[in-house]
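A.B. asks: Here's a structure for you.
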Amino acid sequence: MNKRVLQLAIPNIISNISVPLLGAVDTAVIGHLEHVYYLGAIAVGSIIFDFIFWGFGFLRMGTTGLVAQAYGAENIHRTKVILIRVLLVALAGSVAILLLQYPLIEFSLWVIDASPEVEQYTRIYYKIRVFSAPATLSLFAINGWFLGMQNARYPMIITIFLNILNIALNLTFVFYFGMNVDGVAWGSLLSSYLAVVLAVVLYLSTYNKVKLKVSWSDLIELEELKKFFSVNRDIFIRTLCLIFSYGFFTASSAEMGDVWLAANTILLQLWYISAYAVDGFAYAAESLVGKYVGAMDFKKMRKAIWTCMGWGLGFGVVGTLFYAVFDRELLSIFTDKPLVIETAMIVAIWLIVAPLINSVCFIWDGVYIGATSTGAMRNSMLIATIIFFVPVYYLVKPYAGNHALWIAMTSFMVIRGVTLTFFAKKELFLKFQHKQ
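Its first residue numbered 76, the sequence shown is counted upward by one per residue in this note's numbering.
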């Protein structure tokens, strides 16, 4: 089981780390330009697209669980039906984003009270990058399908290609052509479409050899549609809560001024890096748990869960130790402004404890997605967001000052881990043991 987990996790870790590294390079590139509001614009623009694109994260997560179960049940026809269905949903979603692009940016900037300079450059960034929506949503769907097919190598290749190309284009546009946030936006737009081309080539090279006829009646089969939209509805609600929390974090940071916004943006990038590393094992859990649920092999499902959890916690410990030793050095990579570094160091303790604390809920997320027991995952996120994240922030703010945001974020992650552990007996172990 360790071998199976690592075969799936290692490619996912490599590809996942490249995602926040892209954000890290963007932050470092913009962070070394003359004005700090460029960095604020990238932070605000990124959180807007997190809201928009992460809201469609179910296209990746829901697809992996459903396809993995079909794969475990040796129903190759159903895997192809799911792929076509989810690509159609991705197309519809991207059309909606493009049609609503103006109200989306206006509402976002109304919610996030940024400085006039940050708002000006955020608009420039947004108006270019919004046209990457069709490519981004299609990549969610295709990568989710590959993972469900127990293929972590292709998503790794696609993601690394996407992010290396994005970094190269960003550096070229900013340093060679003298652009700023517009250069970063163009880099994201062009690289996303080229990554879709690569994804299609990889699919055709491996999976198009078996010709299976997919009819319209297959796509609209009632029971399958009900399960598809039920799973994706729960993941969508869960993702909205997550985006709201990160959005609240960024908006509250913006209210503190451009220096605090820059400091918290850098710390959040480092938070993402540790999260994406542990998420490699969460993705492995999605693939393996889904496969064993589809095959009705409860014993191997249980073994896969605890193997992934053990590896995830181990990586969490390593991340915490690494941040404890190199916190200041890592901050200096992102910016050369002493005031921003010293401001970030005030609350750096919350970054240090994050990898270990966060690893529990990340692995559980992967388990629940693979088992398509998404109702419990949704409920856990609602509890953590509504009952804990926002109330904790306002309760501790008068006493903890600028630590309040990080205390709220940390409690949010703790409660997710606790509730998902509590729900596991009923929603995973007893449920599938009974089915077997």
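Each residue gets a CB set at the ideal place from its N, CA and C atoms; glycine is no exception. As the structure is a computational prediction, the values presented were derived from the model and not from experiment.
Put Val-422 into one of helix, strand or coil per three-state DSSP.
C.D. replies: In the structure shown, Val-422 sits in coil (DSSP, three-state: anything other than H, G, I, E or B).
A.B. asks: Does Met-376 come out as helix, strand or coil in the three-state DSSP assignment?
C.D. replies: helix
A.B. asks: In the structure shown, what three-state DSSP assignment does Leu-175 receive?
C.D. replies: coil
A.B. asks: If we ignore side chains and look at the alpha-carbon of each, how far apart do Val-493 and Leu-246 end up?
C.D. replies: Between Val-493 and Leu-246, the C-alpha separation is close to 42 Å.
A.B. asks: Run the CB neighbour count on Met-224, radius 10 Å, all protein chains shown included, and call it buried at 16 or more, exposed below.
C.D. replies: buried
A.B. asks: Would you decide whether Gly-253 is buried or exposed? Buried here means 16 or more other CB atoms lie within 10 Å of its CB.
C.D. replies: That one is exposed.
A.B. asks: Is DSSP giving Ala-227 helix, strand or coil here?
C.D. replies: coil
A.B. asks: Under DSSP, the alpha helix (DSSP H) around Phe-311 begins and ends at which residues?
C.D. replies: Residue range 297–330 is occupied by the alpha helix (DSSP H) that includes Phe-311.
A.B. asks: Tell me, please, whether the CB atom of Asn-87 is closer than 8 Å to any CB atom in chain D?
C.D. replies: Chain labels in this structure do not include chain D; a single protein chain is all it has.
A.B. asks: State the Cα-Cα distance for the pair Phe-409 and Phe-401, rounded to the nearest angstrom.
C.D. replies: 13 Å
A.B. asks: If you run the structure through DSSP and keep just helix, strand and coil, what is Met-289?
C.D. replies: Correcting the residue type first, residue 289 is Val in the shown sequence and not Met. Reduced to three states, the DSSP call for Val-289 is coil.
A.B. asks: Buried or exposed, going by whether 16 or more other CB atoms sit within 10 Å of the CB of Lys-500?
C.D. replies: exposed
A.B. asks: Which value, in whole angstroms, describes the spacing of the CA atoms of Gly-115 and Val-193?
C.D. replies: Answer to the nearest angstrom: the Cα atoms are 6 Å apart.
A.B. asks: Rounded to whole angstroms, what's the CA-CA distance from Leu-300 to Ser-320? Just pull it up for me.
C.D. replies: 30 Å
A.B. asks: Under a three-way DSSP split, which group does Asn-255 fall into?
C.D. replies: coil
A.B. asks: According to DSSP, is Ile-187 part of a helix, a strand, or is it coil?
C.D. replies: coil
A.B. asks: Give a yes or no on whether the C-beta atoms belonging to Ser-328 and Asn-339 are separated by under 8 Å.
C.D. replies: yes
A.B. asks: When you compare only the Cα positions, how much space is there between Cys-316 and Val-467?
C.D. replies: Each residue's alpha carbon lies about 16 Å from the other.
A.B. asks: How is the alpha helix (DSSP H) around Ser-207 delimited, first residue to last?
C.D. replies: Here Ser-207 belongs to no alpha helix (DSSP H), and DSSP marks it neither H nor E.
A.B. asks: Give the single residue among Trp-129, Ala-446 and Ala-103 whose Cα lies nearest to the Cα of Leu-342.
C.D. replies: Nearest neighbour of Leu-342 by Cα position, chosen from Trp-129, Ala-446 and Ala-103, turns out to be Ala-103.
A.B. asks: Less than 8 Å between the CB atoms is what I'm expecting for Asn-87 and Ala-379, so what's the real figure, rounded?
C.D. replies: Not really, about 14 Å apart at Cβ, beyond 8 Å.
A.B. asks: Just to confirm my understanding: we take Gly-450, look at its own chain, exclude 5 residues before and 5 after, and list those with CB closer than 6 Å. What are they?
C.D. replies: Non-local beta-carbon contacts of Gly-450 in its own chain, meaning distances under 6 Å to residues more than five positions away in sequence, involve Asp-309 in chain order.
A.B. asks: Which one of Ser-280, Phe-304, Thr-197 and Tyr-200 has the shortest CA to CA distance from Phe-131?
C.D. replies: Check the Cα spacing between Phe-131 and each of Ser-280, Phe-304, Thr-197 and Tyr-200: the tightest is with Phe-304.
A.B. asks: Helix or strand or just coil, what does DSSP make of Glu-149?
C.D. replies: coil
A.B. asks: Let me check understanding here. Comparing Cα to Cα, which of Arg-453, Ser-448 and Tyr-469 lies closest to Gln-144?
C.D. replies: Ser-448
A.B. asks: For Ala-274 and Ile-217, which I take to be in contact (beta-carbon distance under 8 Å), what is that distance rounded to the nearest angstrom?
C.D. replies: Contact flag correct, Cβ pair sits at about 5 Å.
A.B. asks: According to the neighbour-count rule (16 or more other Cβ atoms, all chains shown, within 10 Å of its Cβ), is Phe-250 buried or exposed?
C.D. replies: Exposed.
A.B. asks: Which one of Leu-214, Ala-84 and Arg-377 has the shortest CA to CA distance from Val-276?
C.D. replies: Leu-214
A.B. asks: Among Glu-149, Leu-184, Pro-209 and Tyr-200, which has the Cα closest to the Cα of Val-161?
C.D. replies: Here the closest residue by C-alpha is Pro-209.
A.B. asks: Nearest-angstrom Cα distance between Val-465 and Arg-313?
C.D. replies: 16 Å
A.B. asks: Quick one: what does DSSP say Thr-340 is sitting in, helix, strand or coil?
C.D. replies: helix
A.B. asks: Do Ile-444 and Cys-383 have their CB atoms nearer than 8 Å?
C.D. replies: no
A.B. asks: Is DSSP giving Lys-284 helix, strand or coil here?
C.D. replies: coil
A.B. asks: Ordered along the chain, which non-local residues of its own chain (more than five positions away) have a Cβ less than 6 Å from that of Leu-184?
C.D. replies: Glu-194
A.B. asks: Assign Lys-412 to one of three DSSP states: helix, strand, or coil.
C.D. replies: coil
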